[in-house]
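Presented below is the structure to which this report refers.
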Amino acid sequence: MTLDATDRAILNRMQDDLPLTNHPYAVIADDLDIAESDLLNRLSRLKDERIITRFGPFFDAAAMGGAFCLCAMAVPIEEFETVLTKVNAHPEVAHNYERTHRLNMWFVLATETPEGIAATAEAIERETGIAVLQFPKLQEFFIGFRVAA
Amino acid sequence: MIDAKDREIIEALQGGLPLVSAPYAQVAKTLGLDEDALLYRLAELKSRGVIRRIAAAPNHYKLGMTSNGMTVWDVDDARITKLGAQIGALPFVTHCYERPRALPDWPYNLFAMVHGSDRDEVEEKRAEIAAILGDACRAKDILYSTRILKKTGLRLKTKG
């Protein structure tokens, strides 16, 4: 689908926080100078077309007592699929990407306790015989993605 | 920490917020709460940082941003906080973090995710980052993603 200027403005605005009021979409629609029904229709369409994958609260596992950690492994190509199966079998593995580097498997662990990170990383090391490097975030610098409006 | 009611609220919202005129009222109804009580709980979860924001997650691939590069930089520790904020503010950077180095294999401490319609565009954007970092940057690399191996959202266990 093609996005018009209004869709793009919506996409940018909806990456910022939605207010906690009875009719939050009406507040945004007002900002964008469109009708609330137009905003809701366009949002539904953006979601149906999977241009927006999800609309809702972003939760921080760390604030719930849990933890996130980016991890990386250098997996020999001939073992890649076998190792992948073992890694992905852990429900704590939230995202996993193959990347162009000697460290070629990058995944995020999300656990309900901080201790869960080390425990899962150790389990993966034991099962695969490959070191799991851990890159927890020390500082976050965030603004977000913007499409040309 | 979160209590049992918070957990119910989080579970009810994991799939997303309804796209209707009064979304909180609709969610409150399914939880047997009144709308004000839910709004109060949500404001509380937000003030504690459990909810970071209520927002859309865009699909970069569907927006034509099919090339995704994790740019990594070895930045002078004394200058990383100021420079990291500048890099994070760039419109094409979706995620930007300071992370620990893993020496000797991995000298990089600044990670900035860059999306573009192709690798040339990602490289142009990477050059913009390099220009901002200037002599504070001692080494750099870029890791393109070649395959999504797994992608799931945050899932709470049904019992905590």
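Respectively, the protein sequence lines represent chains A and B. Using the working numbering, the first residue of the first sequence is number 3, and each one after it goes up by one. Using the working numbering, the first residue of the second sequence is number 203, and each one after it goes up by one. C-beta atoms are modelled at their ideal positions from N, C-alpha and C, and glycine is treated no differently. This structure is a prediction, so every number in the text was calculated from the model and none was measured.
Query, Result
"Outcome for residue 299 of chain B when other beta-carbon atoms lying within 10 angstroms are tallied against a minimum of 16", "buried"
"Cross-chain neighbours of residue 16 of chain A in chain B, by beta carbon under 7 Å", "257 and 258"
"Separation of residue 98 of chain A from residue 76 of chain A, as counted between CA atoms", "13 Å"
"Residue span of the alpha helix (DSSP H) that contains residue 121 of chain A, given as start and end", "117–130"
"DSSP three-state assignment for residue 141 of chain A, whether helix, strand or coil", "strand"
"Residue 260 of chain B classed as buried or exposed, judged by whether at least 16 other C-beta atoms fall within 10 angstroms", "buried"
"Option nearest residue 317 of chain B by Cα separation, candidates B/327, B/308, B/310 and B/311", "B/327"
"Euclidean distance between Cα positions of residue 119 of chain A and residue 268 of chain B", "30 Å"
"Residue ranges of each beta strand (DSSP E) within the stretch 282–315 of chain B, 3 or longer", "295–300"
"Proximal residues, the stretch 269–286 of chain B versus chain A, C-beta separation under 8 Å", "272, 282, 283 and 286"
"Residues sharing a beta bridge with residue 17 of chain A, DSSP", "Residue 17 of chain A pairs with nothing; no bridge assigned."
"Partners in chain A for residue 350 of chain B, counting only beta-carbon separations shorter than 9 Å", "97, 98, 99 and 100"
"Identity of the residue in A/91, A/113 and A/123 nearest residue 352 of chain B by Cα", "A/91"
"Neighbourhood of residue 108 of chain A by C-beta, 6 Å cutoff - its chain only, sequence neighbours within 5 removed", "74, 99 and 101"
"Other residues of its chain near residue 226 of chain B: CB distance less than 7 Å, five sequence neighbours each side excluded", "237, 240 and 241"
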